[in-house]
Amino acid sequence: MVEKTQDGNVAEPEQDIRGNFTSRRLSTEQFTVLSEFVQSELGIRMPPAKRVMLESRLQKRLRALSLDSFKDYIDFVFDDSQKEAELLHMIDSVTTNKTDFFRESDHFDYMTNRLLPERYRDGWGRDRPLRVWSTASSTGEEPYTLAMVLEEFRGEHQGFNYGILGTDISTRALDHGRKAVYTEERVDPVPQSLRKKYLLRSKDRTSRLVRVRPELRKRVQFHRLNLMHDSWDIGERFEVIFCRNVIIYFERPTQYRLLTHLYDYLVPGGYLFLGHSETLAGMELPVRSVAPTIYRKAE
Numbered sequence: 582m583v584e585k586t587q588d589g590n591v592a593e594p595e596q597d598i599r600g601n602f603t604s605r606r607l608s609t610e611q612f613t614v615l616s617e618f619v620q621s622e623l624g625i626r627m628p629p630a631k632r633v634m635l636e637s638r639l640q641k642r643l644r645a646l647s648l649d650s651f652k653d654y655i656d657f658v659f660d661d662s663q664k665e666a667e668l669l670h671m672i673d674s675v676t677t678n679k680t681d682f683f684r685e686s687d688h689f690d691y692m693t694n695r696l697l698p699e700r701y702r703d704g705w706g707r708d709r710p711l712r713v714w715s716t717a718s719s720t721g722e723e724p725y726t727l728a729m730v731l732e733e734f735r736g737e738h739q740g741f742n743y744g745i746l747g748t749d750i751s752t753r754a755l756d757h758g759r760k761a762v763y764t765e766e767r768v769d770p771v772p773q774s775l776r777k778k779y780l781l782r783s784k785d786r787t788s789r790l791v792r793v794r795p796e797l798r799k800r801v802q803f804h805r806l807n808l809m810h811d812s813w814d815i816g817e818r819f820e821v822i823f824c825r826n827v828i829i830y831f832e833r834p835t836q837y838r839l840l841t842h843l844y845d846y847l848v849p850g851g852y853l854f855l856g857h858s859e860t861l862a863g864m865e866l867p868v869r870s871v872a873p874t875i876y877r878k879a880e
């Protein structure tokens, strides 16, 4: 098959440093193979418009593995002895770990003003630690935002205790979260009063780096998890689950399967938070809306 560029011209094959012709352009057939693999493993839709993006990102893997073509790469990925290890690198190549501190801040306002005071009166966080799950924790901004909110509440309410689980499919993102080191620009959304309490500036002031304080870091446990797997290695249920800006990447049947699975991990009366562009409309889940994109499981 003749490959063409976006302007309709025939694409010239690339040459390696020895002058040999290589095939580092992703053909339509090869894109189909890889996109179907990504969707089956991650649930992420890869429409044809994503072809250029996928080609660009995976070319880094070809160089790292000293492979001459995408055909060689596909053979490598589907080799049973290599598949599991390479899948981790592919995940990092095709996923976008977009996140911010206090992203969609009205969710945290709801926790501070409604959820925590009301449920604390019911004994939540006192009889046993309040358990919160950030299902797509990425590089850690969401779980550490939750930790700040919960720590503020703990400071004003005797006997309150909590723990946070952050999961993600990307090992690279999880490693970042565990280190909890961010640039000063990344923490701009954090209110100044909370920055002073919960963030430590680097001793090297020229580095412009900050780190989350150890008392918050110990409250957050990070764990690798593929939400598309049928079983999850999680042995507890949660009072609060954040699954924000995740289901927008999935087709409707996959959304429903994921949400019903998450529902099973909520305690009766537990809360599910979705992203502002997401909805449960048309899905028969026994939850009720308590605020925009915030749902509560029936008690």
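Heads up: the sequence shown is residues 582 to 880, going by the working numbering.
Glycine included, C-beta positions come from ideal geometry on N, C-alpha and C.
Residue environment, residue i, which counts as buried when at least 16 other CB atoms sit within 10 Å
i	result
residue 716	buried
residue 588	Interpretation of residue 588 is limited by its pLDDT of 44, a score under 50 that renders its predicted location unreliable; no figure is taken from the coordinates.
residue 863	exposed
residue 751	buried
residue 783	exposed
residue 793	buried
residue 815	exposed
residue 869	exposed
residue 692	buried
residue 871	exposed
residue 671	buried
residue 745	buried
residue 651	buried
residue 791	buried
residue 874	buried
residue 611	buried
residue 633	exposed
residue 740	exposed
residue 660	exposed
residue 718	buried
residue 833	exposed
residue 826	buried
residue 785	exposed
residue 720	buried
Where the beta strand (DSSP E) through residue i begins and ends
i	result
residue 823	819 to 824
residue 804	801 to 805
residue 793	790 to 793
residue 756	Residue 756 -> not in any beta strand (DSSP E); alpha helix (DSSP H) instead, spanning 752 to 760.
residue 749	743 to 749
From the options, residue whose alpha carbon lies closest to that of residue i
i	options	result
residue 856	793, 684, 735, 749	684
residue 738	824, 705, 746, 763	705
residue 761	740, 744, 723	723
residue 788	693, 680, 766, 758	766
residue 810	799, 828, 839, 801	839
residue 743	757, 612, 728, 641	728
residue 625	841, 842, 828	828
residue 882	786, 736, 833, 618	In this structure the chain extends from 582 to 880, so residue 882 is not present and cannot be described.
residue 837	731, 754, 860	860
residue 689	654, 669, 731	731
residue 635	653, 644, 615	615
residue 802	673, 778, 758	758
residue 669	754, 628, 696	754
residue 725	694, 703, 740, 763	763
residue 618	641, 664, 640, 644	664
residue 631	830, 646, 653	830
residue 629	609, 808, 622	609
residue 800	807, 779, 813, 637	779
Cutoff 7 Å: residue i Cβ touching any chain D Cβ
i	result
residue 733	No chain D is part of this structure, which consists of one protein chain only.
Identified DSSP bridge partners for residue i
i	result
residue 714	746, 822
residue 878	868
residue 764	790
residue 606	Answer is none; residue 606 lacks a bridge partner.
residue 854	823, 875
residue 782	791
residue 847	819
Residue range of the alpha helix (DSSP H) that includes residue i
i	result
residue 771	Unbroken run through residue 771: none, as it is neither H nor E.
residue 736	722 to 737
residue 653	651 to 658
residue 640	632 to 646
residue 689	687 to 691
residue 670	664 to 675
residue 697	697 to 702
Exercise. Please confirm if the stretch 871 to 879 is in contact with the stretch 840 to 850, defined as three or more CB-CB distances below 8 Å between the two stretches.
Key: Touching, per the Cβ criterion.
Quiz item: Taking one C-beta from the stretch 813 to 827 and one from the stretch 703 to 718 each time, how about it: are there three or more such pairs within less than 8 Å?
Solution: Of all C-beta pairs linking the stretch 813 to 827 to the stretch 703 to 718, three or more are shorter than 8 Å, placing the two stretches in contact.
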